[in-house]
Amino acid sequence: MESLKESSKIYAFLTRIRSEWPGVVERFEFKTASVIYVHLKEGISSIDFLGTLSRKIESLVDFNIPIILYHIESDGMNLRSHPINWYSVLNKEGAEKK
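The sequence shown runs contiguously to residue 98 in our numbering.
So, in structure tokens, the structure goes:
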């Protein structure tokens, strides 16, 4: 049940990305439950998108599981990874060991 809640939060997160940056994202593609490809529209730089998303990411994330977004430019040549929530998992594991 918890993973279903987290899954719906991730979909909401992706919807917020699309609405926050209209005209930037072509589509999202789930490779696994934790690996998501963000296909950018033609002419959009993955490095620029990563920079603007990084500045606002904390206000958009409301889920706890770690994911990796891969930002892919329309030519398919440039790919940038963007791990999200990986540190929160490490902190949680460290707290459980105490």
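Glycine included, C-beta positions come from ideal geometry on N, C-alpha and C.
Which partner residues does residue i have in the DSSP bridge list?
i, result
"Phe-28", "Val-38"
Let's see if you can read the secondary structure: which residues bound the beta strand (DSSP E) around residue i?
i, result
"Gly-68", "Here the sequence assigns Ile to residue 68, which means Gly is not the residue at that position. Its beta strand (DSSP E) spans residues 67-72."
"Ile-84", "79-84"
Give the secondary structure of residue i by DSSP, where H, G and I count as helix, E and B as strand, and everything else as coil.
i, result
"Ser-180", "This structure cannot speak to residue 180, because the chain is shown only from 1 to 98."
"Ala-33", "coil"
"Gly-51", "helix"
"Phe-13", "helix"
"Glu-93", "Here Glu-93 scores only 49 on pLDDT, less than 50, and its place in the model should not be relied on; the value that follows carries that caveat. Three-state result, Glu-93: helix."
For chain C, is any of its Cβ atoms less than 8 Å away from the one on residue i?
i, result
"Gly-51", "You won't find chain C in this structure, because it holds only one protein chain."
Practice task
Would you check if the region 27-37 and the region 51-58 touch, i.e. whether three or more CB-CB distances between them fall below 8 Å?
Solution key: no
Exercise for the section: Answer yes if the region 14-21 comes into contact with the region 73-85, meaning at least three C-beta pairs across the two stretches below 8 Å, and no otherwise. Expected result: Touching, no, given that fewer than three Cβ pairs across the two stretches are closer than 8 Å.
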